[in-house]
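In the UniProt record's numbering, the protein residues as written are 1 to 312.
The beta-carbon is built from N, C-alpha and C at its ideal position, and this holds for glycine as well.
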Amino acid sequence: MSPRSRSALSAVLIALASLLAPCATLAGWAMHGPADTGRYVAAVAPLADDPAVRDAAADTLGAGFAGFVDETTAGPVNGAVRLFVRDAARSFTRTEAFHEGWDAANRTVHAAVLRALRDDGAAGRAVTVDLAPVTERVRDRLAEDHVPFARRIPVRHTAVTVLPAHEADRLRKGYQVLDVAAFWLPLAAVVFAVTGIAVAACRRRAVTAAGIGTALGGALLALAVLVGRRLTVAELPGPVDGSAAGAVGAVYDALTATLRTASWLLVALGLTVALASWLTGRYGRPARRRPPARPTPEPTGPTPPRPTGTRL
1 MSPRSRSALS
11 AVLIALASLL
21 APCATLAGWA
31 MHGPADTGRY
41 VAAVAPLADD
51 PAVRDAAADT
61 LGAGFAGFVD
71 ETTAGPVNGA
81 VRLFVRDAAR
91 SFTRTEAFHE
101 GWDAANRTVH
111 AAVLRALRDD
121 GAAGRAVTVD
131 LAPVTERVRD
141 RLAEDHVPFA
151 RRIPVRHTAV
161 TVLPAHEADR
171 LRKGYQVLDV
181 AAFWLPLAAV
191 VFAVTGIAVA
201 ACRRRAVTAA
211 GIGTALGGAL
221 LALAVLVGRR
231 LTVAELPGPV
241 DGSAAGAVGA
251 VYDALTATLR
261 TASWLLVALG
271 LTVALASWLT
281 GRYGRPARRR
291 PPARPTPEPT
301 GPTPPRPTGT
311 RL
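Rendered as structure tokens:
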């Protein structure tokens, strides 16, 4: 194979490896990050202290209790009770019971969704959860904190739909694709990069190109995460207030924190490899030795006779 053909083949393989590197990082993050219940709960647990999340949770709790108040009270008492419920909901989000309920609810919902995505027999069925155990835990915690009327909080066993059937089927197919891609994409990226460097006419330049391509892939992945956050907030259904948008943004940031770190690690790794290869080629070459001086050729003519005079 001619050097030109080797260089062209090396460029194609290194370009493929550079494109697969961010895709492999994304697939690996999806399978070992949000798809793991323990890591998911650990990632979203600090959000219980986020002001935007607490405001959104307080508004949701207040709206739910407000409907109950409208059914049981009337007149001026209704307004007073609604104001009390709103203040109580905001105060509740600052208690330890809210933290426990937040973790328990996220663990329950995530486990149900993950179980449905991994079960091929659940096709055509919506994902539902029963949050009664969570409500019971919160009620018991409030009772331990001596909150008035905490024992009177009703615990209703109701199947709450967290994922419609058509969305569950679509996500199940995507999950199966990611499950396969998380193993094969990293392997393919490494094979393409190594092969591209091996067949290159100038391997040092191939290593430099592979490092620059990896860095560019990591930068594109970081940009995609940033754009994805804006799209996620912009596509919220219905009118979105500041607290809801802030809560969704906080959840997105918590879930993609590891992905953002991985993308910048790709950038750092690629730039380090490219810089090391360039410096090695520039300063690592052995100094050229000067060729030894050629000996002066001896005269080939007849040697003049030496004087043989005698001293007097």
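field: Cβ distance (whole Å) where residue 255 is taken to contact residue 43 below 8 Å
entry: For this step, residue 255 is matched to residue 255 along the sequence shown. For this step, residue 43 is matched to residue 43 along the sequence shown. Right, the Cβ-Cβ distance comes to about 6 Å (below 8 Å), so this counts as a contact.
- request: Report the partner residues of residue 163 according to the DSSP bridge assignment.
  value: Here the question's residue 163 lines up with position 163 in the sequence shown. Residue 163 is bridged to 127.
message: Contact defined as beta carbons within less than 8 Å: I believe residue 28 pairs with residue 186. What is the distance between those atoms, to the nearest angstrom?
response: Numbered from its first residue, the sequence shown carries residue 28 at position 28. Numbered from its first residue, the sequence shown carries residue 186 at position 186. Confirmed, about 7 Å.
field: 8 Å CB neighbourhood of residue 175 in its chain, flanking five on each side removed
entry: If you number the sequence shown from 1, residue 175 lands on position 175. If we look at residue 175 and ignore the five residues flanking it on each side, its Cβ neighbours are 35, 117 and 118.
query: Using the rule of at least 16 other Cβ atoms within 10 Å of the residue's Cβ for burial, across every protein chain shown, is residue 10 buried or exposed?
result: Mapped onto the sequence shown, residue 10 falls at position 10. Buried: at least 16 other Cβ atoms inside 10 Å.
field: Whole-Å CB distance - residue 250 paired with residue 52, under 8 Å assumed
entry: Translated into positions along the sequence shown, residue 250 becomes position 250. Translated into positions along the sequence shown, residue 52 becomes position 52. Rounded, the Cβ-Cβ distance is 5 Å, consistent with contact.
message: Which of the three DSSP states is assigned to residue 73 in this structure?
response: Working through the sequence shown from its first residue, we reach residue 73 at position 73. For residue 73, the predicted model reports a pLDDT of 49, less than 50, meaning its position is unreliable; a value from the coordinates is still stated below. Correct three-state label for residue 73: coil.
query: Would you report the Cα separation of residue 127 and residue 106, rounded to the nearest angstrom?
result: Residue numbering aside, residue 127 sits at position 127 when the sequence shown is read from its first letter. Residue numbering aside, residue 106 sits at position 106 when the sequence shown is read from its first letter. Between residue 127 and residue 106, the C-alpha separation is close to 14 Å.
Residue burial classification, residue 56 (beta-carbon count within 10 angstroms, cutoff 16): On the sequence shown, residue 56 is found 56 positions in, with the first residue counted as 1. Buried, by the Cβ-count rule.
task: Report the three-state DSSP secondary structure of residue 87 (helix, strand or coil).
output: Residue mapping note: residue 87 aligns to position 87 of the sequence shown, counting from 1. In this structure, residue 87 counts as helix in the three-state DSSP scheme.
task: With a 10 Å radius around its C-beta and 16 neighbouring C-beta atoms as the bar for buried, classify residue 268 as buried or exposed.
output: Mapped onto the sequence shown, residue 268 falls at position 268. By the 10 Å Cβ count, residue 268 comes out exposed.
message: Can you tell me whether residue 366 is buried or exposed? The criterion is at least 16 other CB atoms within 10 Å of its CB, across all chains shown.
response: In this structure the chain extends from 1 to 312, so residue 366 is not present and cannot be described.
message: Are the CB atoms of residue 111 and residue 208 within a distance shorter than 7 Å?
response: In the sequence shown, the residue the question calls residue 208 occupies position 208. In the sequence shown, the residue the question calls residue 111 occupies position 111. Contact flag unset, no.
field: Closest Cα partner of residue 166 within the set 26, 125 and 6
entry: What you label residue 166 is simply residue 166 of the sequence shown in a count that begins at 1. Nearest C-alpha to residue 166: 125.
field: Straight-line Cα distance separating residue 30 from residue 315
entry: In the structure as shown, the chain begins at 1 and stops at 312. Residue 315 is therefore absent and cannot be evaluated.
message: Within a Cβ cutoff of 8 Å, which residues of the same chain sit near residue 6, ignoring the five residues on either side of it in sequence?
response: Along the sequence shown, one-based indexing puts residue 6 at 6. Result list for residue 6: 199, 200 and 201, in chain order.
field: Beta-carbon proximity list for residue 192, same chain, < 8 Å, skipping 5 on both sides
entry: The sequence position of residue 192 within the sequence shown is 192, counting from 1. If we look at residue 192 and ignore the five residues flanking it on each side, its Cβ neighbours are 13, 14, 16, 17 and 20.
query: Around the C-beta of residue 184, are 16 or more other C-beta atoms found within 10 angstroms, so that it is buried, or is it exposed?
result: Residue 184 sits at position 184 when you count from the first residue of the sequence shown. When all chains shown are included, residue 184 counts as exposed.
query: Are residue 315 and residue 204 close, meaning C-beta to C-beta below 7 Å?
result: One cannot answer for residue 315 here, as it falls past the ends of the chain, which runs 1 to 312.
- prompt: On the three-state DSSP scale, how would you describe residue 215?
  reply: One-based indexing of the sequence shown puts residue 215 at position 215. It is helical.
task: State buried or exposed for residue 180, treating a residue as buried only when at least 16 other CB atoms are found within 10 Å of its CB.
output: As a working mapping, residue 180 is identified with position 180 in the sequence shown. Classification for residue 180: exposed.
message: Among 135, 161 and 164, whose alpha-carbon lies nearest the alpha-carbon of residue 151?
response: Position 151 of the sequence shown holds residue 151. Per the Cα distances, 135.
- prompt: What separation, rounded to the nearest whole angstrom, lies between the Cα atoms of residue 145 and residue 98?
  reply: Looking up residue 145 in the sequence shown gives position 145. Looking up residue 98 in the sequence shown gives position 98. Using only the alpha carbons, I get a separation of about 12 Å.
Cut-off 6 Å between Cβ atoms - residues of its own chain near residue 54, not counting five sequence neighbours on either side: The residue given as residue 54 occupies position 54 in the sequence shown. For residue 54, where only same-chain residues beyond five positions count, the Cβ hits under 6 Å are 93.
query: Ordered along the chain, which non-local residues of its own chain (more than five positions away) have a Cβ less than 7 Å from that of residue 171?
result: Here residue 171 refers to the residue found at position 171 when the sequence shown is read from its first residue. So the qualifying residues of the chain are 117.
query: Taking all protein chains shown into account, do 16 or more other C-beta atoms lie within 10 angstroms of the C-beta of residue 40, making it buried, or fewer, making it exposed?
result: Counting from 1 along the sequence shown, the entry for residue 40 is found at position 40. When all chains shown are included, residue 40 counts as buried.
Nearest residue (CA-CA) to residue 48, options 96, 33 and 25: Translated into positions along the sequence shown, residue 48 becomes position 48. That would be 96, whose Cα lies nearest to the Cα of residue 48.
- request: Let me know if residue 22 comes out buried or exposed under the rule of 16 or more other beta-carbons within 10 Å of its beta-carbon.
  value: As a position in the sequence shown, residue 22 is number 22, starting the count at 1. Buried, because 16 or more other Cβ atoms sit within 10 Å of the Cβ of residue 22.
- prompt: Under the rule that 16 or more other beta-carbon atoms within 10 Å means buried, what is residue 1, buried or exposed?
  reply: Numbered from its first residue, the sequence shown carries residue 1 at position 1. Exposed is the call here.
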